[in-house]
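Numbering (the working numbering), first residue to last: 76 to 325. Just below is one structure, and these are the notes that go with it.
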Amino acid sequence: MILARLTRAIREQNWFAVAVEFIIVILGVVIGFQVTAWNSARQERVDEAAFLARLHADIELAENLSQRVRERRLQRIGEIVEAIDILFGRSDADALTDTQCAALGASHYYDIYTADLAAFTELTSIGRVGILRDAELRRALVQYEQVRTRLHQLITLLSAEGIALPQLFPDLISVSARHDASSDEVRNQTSCDLGGMRANRHFLNAASANADAYDAYVRDGLRPWSDQLAQLHRQIDLILGIDHASEAAP
Ligand SMILES: [Zn+2]
Numbered sequence: 076m077i078l079a080r081l082t083r084a085i086r087e088q089n090w091f092a093v094a095v096e097f098i099i100v101i102l103g104v105v106i107g108f109q110v111t112a113w114n115s116a117r118q119e120r121v122d123e124a125a126f127l128a129r130l131h132a133d134i135e136l137a138e139n140l141s142q143r144v145r146e147r148r149l150q151r152i153g154e155i156v157e158a159i160d161i162l163f164g165r166s167d168a169d170a171l172t173d174t175q176c177a178a179l180g181a182s183h184y185y186d187i188y189t190a191d192l193a194a195f196t197e198l199t200s201i202g203r204v205g206i207l208r209d210a211e212l213r214r215a216l217v218q219y220e221q222v223r224t225r226l227h228q229l230i231t232l233l234s235a236e237g238i239a240l241p242q243l244f245p246d247l248i249s250v251s252a253r254h255d256a257s258s259d260e261v262r263n264q265t266s267c268d269l270g271g272m273r274a275n276r277h278f279l280n281a282a283s284a285n286a287d288a289y290d291a292y293v294r295d296g297l298r299p300w301s302d303q304l305a306q307l308h309r310q311i312d313l314i315l316g317i318d319h320a321s322e323a324a325p
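Okay, here's the thing in structure tokens:
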């Protein structure tokens, strides 16, 4: 229609009509582009909202799946340091508590399950990280992946160096497994011979090496990952307007 009118106007040398038809054509194209852009932006907002909801679920899953072991591992470094101080006579205590003894016996355990943030992995793989408008969140997600990778590298590295004290020194530190009815899991009961440990230079060296490795594991791997996971959760809660404290209130 427009083309026919334009052709007729040119033939009749009606330049005013030609100009009007051109303006109509250009306006049509501009409006068409604008509508496409609006639709695209609206779709991105819809996709972003869906991603944020999935990311929140991924973070909660990562926290829940690791919580028990994470808390135990983070607490253990303090118990190992206390045990080492007692071993080397730097403490007034003249006996190891069950907890300190157990910490020594497990001072070569570093493994922990760090669930993948599947929604972010998917967003990255399809090259759509740009739909996230919050630059702080994008940065936090990238940092999370970095500390998670670092934790895995440390676990691999330290697992090759960690010394299983109960296996190497069974006379000094013995372990007996038992079923704990309250948690419905098998727990180890560890017994320590403090006098024998203090008199055995090989044991003191091995325990010291484990304490050093465990400190590196917590300081450079476990705590940065755990803190970044918590930080991510706070950020996403803020964006989504989620308040877990009020959810938990009666
Ligand atoms: Zn939350």
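Idealized CB from N, CA, C, for every residue including glycine.
In its own chain, which residues sit with a C-beta less than 8 Å from the C-beta of Cys176, not counting the 5 before and 5 after it?
Position 101 of the sequence shown holds residue 176. These residues qualify, in order along the chain: Ala158, Ile248, Thr265, Ser266, Cys267.
Helix, strand or coil: how does DSSP classify Ala170 here?
Position 95 of the sequence shown, counted from the first residue, corresponds to residue 170. Ala170 falls in the coil class under three-state DSSP.
Three-state class that DSSP yields for His183 in the structure shown
Looking up residue 183 in the sequence shown gives position 108. In this structure, His183 counts as coil in the three-state DSSP scheme.
Quick one: grab the DSSP three-state call for Gln221.
For the purposes of this step, residue 221 is taken as residue 146 along the sequence shown, with counting starting at 1. The answer is helix: DSSP assigns Gln221 an H, G or I state.
Can you determine whether any heavy atom of ligand 3 sits closer than 8 Å to the C-beta of Ile314, and answer yes or no?
Judged by which ligands are present, ligand 3 is missing from the structure shown, whose ligands are ligand 1.
Which term fits Thr189, buried or exposed, when burial requires 16 or more other beta carbons within 10 angstroms of its beta carbon?
Position 114 of the sequence shown holds residue 189. By the neighbour-count rule (16 or more Cβ atoms within 10 Å), Thr189 is buried.
Does DSSP put Ile248 in a helix, a strand or coil?
Here the question's residue 248 lines up with position 173 in the sequence shown. DSSP places Ile248 in strand when its eight states are reduced to three.
Could you give the first and the last residue of the continuous alpha helix (DSSP H) run that contains Gln142?
Residue mapping note: residue 142 aligns to position 67 of the sequence shown, counting from 1. Note, Gln142: alpha helix (DSSP H), 90–162.
Ser283, enclosing alpha helix (DSSP H) - first and last residue:
Looking up residue 283 in the sequence shown gives position 208. Note, Ser283: alpha helix (DSSP H), 276–292.
Could you please give the first and the last residue of the uninterrupted beta strand (DSSP E) stretch that includes Arg309?
Here the question's residue 309 lines up with position 234 in the sequence shown. Arg309: not part of any beta strand (DSSP E); member of the alpha helix (DSSP H) spanning 298–315, first to last residue.
What is the C-beta distance between Ile152 and Val250, in whole angstroms, given that I count them as a contact (C-beta under 8 Å)?
For the purposes of this step, residue 152 is identified with residue 77 of the sequence shown, where counting begins at 1. For the purposes of this step, residue 250 is identified with residue 175 of the sequence shown, where counting begins at 1. The Cβ separation is near 20 Å, so there is no contact.
I'd like to confirm the pairing. Which residues does DSSP put opposite Gln264 in its beta bridges?
Here residue 264 corresponds to residue number 189 of the sequence shown, with the count starting at 1. In DSSP, Gln264 forms a bridge with Ser251.
Integer-rounded CB distance, given that Trp113 should sit under 8 Å from Glu223:
Counted from its first residue, the sequence shown places residue 223 at position 148. Counted from its first residue, the sequence shown places residue 113 at position 38. Checking the sequence, you will find Arg at residue 223 rather than Glu. Separation of the CB atoms of Arg223 and Trp113 is rounded to 38 Å, and the pair is thereby denied contact status at 8 Å.
Please go through the same chain and pick out, in chain order, the residues whose beta-carbon is closer than 7 Å to the beta-carbon of Ala281, but skip the five residues on each side of it.
For the purposes of this step, residue 281 is taken as residue 206 along the sequence shown, with counting starting at 1. Taken in chain order, the residues that qualify are Ile238, Leu240, Leu243.
Tell me whether Ile230 is buried or exposed, calling it buried when 16 or more other Cβ atoms sit within 10 Å of its Cβ.
Stepping through the sequence shown from its first residue, residue 230 is reached at position 155. Its Cβ being crowded by 16 or more others within 10 Å, Ile230 is buried.
Since Leu130 and Ala194 are thought to touch, with beta carbons under 8 Å apart, how far apart are those beta carbons, to the nearest angstrom?
Here residue 130 corresponds to residue number 55 of the sequence shown, with the count starting at 1. Here residue 194 corresponds to residue number 119 of the sequence shown, with the count starting at 1. Indeed, because the Cβ distance is near 5 Å, the residues count as touching under 8 Å.
Since Ala239 is in the alpha helix (DSSP H), which residue starts that stretch and which ends it?
In the sequence shown, residue 239 corresponds to position 164, counting from 1. Judged by DSSP secondary structure, Ala239 falls outside any alpha helix (DSSP H); it is assigned neither H nor E.
Residue from Phe163, Leu233, Ala256, Thr174 whose Cα sits closest to the Cα of Arg276:
As a first step, residue 276 is located in the sequence shown; it is residue number 201 there, counting from the start. Arg276 has its Cα closest to that of Phe163, out of Phe163, Leu233, Ala256, Thr174.
Close-in-space but distant-in-sequence residues of the same chain around His319 (CB under 8 Å, 5 per side omitted):
As a working note, residue 319 is residue 244 in the sequence shown. Hits under 8 Å: Asp312.
Are the Cβ atoms of Arg148 and Leu297 separated by less than 9 Å?
Within the sequence shown, residue 148 is the residue found at index 73, counting from 1. Within the sequence shown, residue 297 is the residue found at index 222, counting from 1. Contact: yes.
Option nearest Asp173 by Cα separation, candidates Glu322, Leu269, Ala288, Asn285:
Position 98 of the sequence shown holds residue 173. When only C-alpha atoms are compared, the closest one is Leu269.
What do you get for Ala286, buried or exposed, if any count of 16 or more other CB atoms within 10 angstroms of its CB means buried?
Taking the first residue of the sequence shown as position 1, residue 286 is located at position 211. Only buried fits Ala286, as 16 or more other CB atoms lie within 10 angstroms of its CB.
Given 8 Å, three or more beta-carbon pairs between the region 113–124 and the region 194–208
Judged by Cβ distances under 8 Å, the region 113–124 makes contact with the region 194–208, as three or more pairs qualify.
Exposed unless 16 or more other CB atoms sit within 10 angstroms - verdict on Ala256:
As a first step, residue 256 must be located in the sequence shown, where it is residue number 181. The residue in question, Ala256, is exposed, as its Cβ has fewer than 16 Cβ neighbours within 10 Å.
Check whether the Cβ atoms of Ala16 and Leu307 sit closer than 9 Å, and answer yes or no.
Since the displayed the chain opens at 76 and closes at 325, residue 16 lies outside it and no answer follows.
If we ignore side chains and look at the alpha-carbon of each, how far apart do Ala84 and Val100 end up?
By one-based count along the sequence shown, residue 84 stands at place 9. By one-based count along the sequence shown, residue 100 stands at place 25. Rounded to whole angstroms, Ala84 to Val100 spans 14 Å at the Cα level.
Three-state class that DSSP yields for Ala79 in the structure shown
As a working mapping, residue 79 is identified with position 4 in the sequence shown. Helix.
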